[in-house]
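Just below is one structure, and these are the notes that go with it.
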Amino acid sequence: MHIMSQSLIFILRTAVDIYVLILLLRALLQLVQADFYNPISQAIFKACAPVVEPLHKILPTIGKLNLAALTAALLIQWAFYLIIVAANGLFPTQLFAYLAVAGYDLLSALVDIYFWGIFILVISSWIGTTGHPPVQLVNQIVDPYMRPFRNLIPPIGMIDISPMVAIFALMFIQSRVLPMVGGLITPLLS
């Protein structure tokens with residue numbers, strides 16, 4: 008593949024990954040009912056509005072689950088794969104198989120969001136910035152995932168090891184579960 012096309016693919020991939028991450032964060036913010044007036048929440052909602060608002064007319068929010076944001080993330084990720092396949096001169100005969108790949112990427116991104124969210128909370132607890140608005144927002148997103156681990160594993164004195172166990176669970180998902188899911192998707196692409 009030509010070096011210029013590799014560079015363009017890298018730029019496109021980065022832009023898609025960032026926007027899909029923002030869409031997933033928007034869905035998570037609504038799911039956990041995070042502080043809407045946090046400046047970061049406001050920025051995320053504004054960045055997603057051009058894509059999510061038109062989809063809201065078709066896809067309603069079910070309870071706290073924003074189907075429009077999740078669908079937008081899935082469709083943008085899917086469109087990226089279709090563009091790459093079409094740019095390489097191949098017609099995607101397995102059009103819907105790439106939809107499964109896009110779904111896999113979203114699951115992987117969710118695991119990454121929680122992994123880095125827990126990491127940010129651990130570091131911020133060490134340096135004492137837990138009251139900072141971005142850290143509070145991360146805490147609101149990660150807390151529903153962390154709560155079962157905190158209930159299961161009480162602090163040992165002043166040390167809370169539940170984040171470590173939660174990270175190990177995410178690492179297990181990333182290293183064992185997601186590759187099994189990927190193994191189920193791979194035959195669809197051939």
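Reading the sequence shown from the start, the letters are residues 8 to 197 in this note's numbering.
Ideal Cβ placement from N, Cα and C applies to all residues, glycine included.
- Per DSSP, the continuous alpha helix (DSSP H) segment holding Met178 begins and ends at 169-179.
- Exclusion of the five residues before and after Gln143 leaves Asp42, Asn45, Thr137 as the residues of its chain whose Cβ lies within less than 8 Å of its Cβ.
- According to DSSP, Thr68 shares a beta bridge with Asn73.
- If you draw a 10 Å sphere on the C-beta of Asn158, you find fewer than 16 other C-beta atoms in it, and that means exposed.
- Under the three-state reduction of DSSP, Ile160 is assigned to coil, being neither helix nor strand.
- Within 10 angstroms of the beta-carbon of Gly124 lie 16 or more other beta-carbons, which makes it buried.
- Taking C-beta separations shorter than 8 Å and ignoring five residues to either side along the sequence, the partners of Leu31 in its chain run Ala76, Leu77, Ala80, Leu113, Ala116, Leu117, Ile120, following chain order.
- Comparing alpha carbon positions, the residue from Leu82, Ile83, Tyr105 closest to Val92 is Tyr105.
- Asn146 sits buried, since 16 or more C-beta atoms from the chains shown fall within 10 Å of its C-beta.
- The stretch 56-70 makes no contact with the stretch 158-169: fewer than 3 CB pairs, one atom from each, lie closer than 8 Å.
- Assignment of beta-bridge partners to Ile166 by DSSP yields Ile163.
- Under the criterion of beta carbons closer than 8 Å, Leu72 and Leu38 qualify as touching, at roughly 6 Å.
- Distance from Ile192 to Tyr88 at the Cβ level is roughly 12 Å; contact not present, criterion being Cβ atoms closer than 8 Å.
- Secondary structure of Gly189 (DSSP, three-state): helix.
- Apart from sequence neighbours up to five positions away, the residues of its chain that approach Ile180 with a beta-carbon distance below 7 Å are Val118, ordered along the chain.
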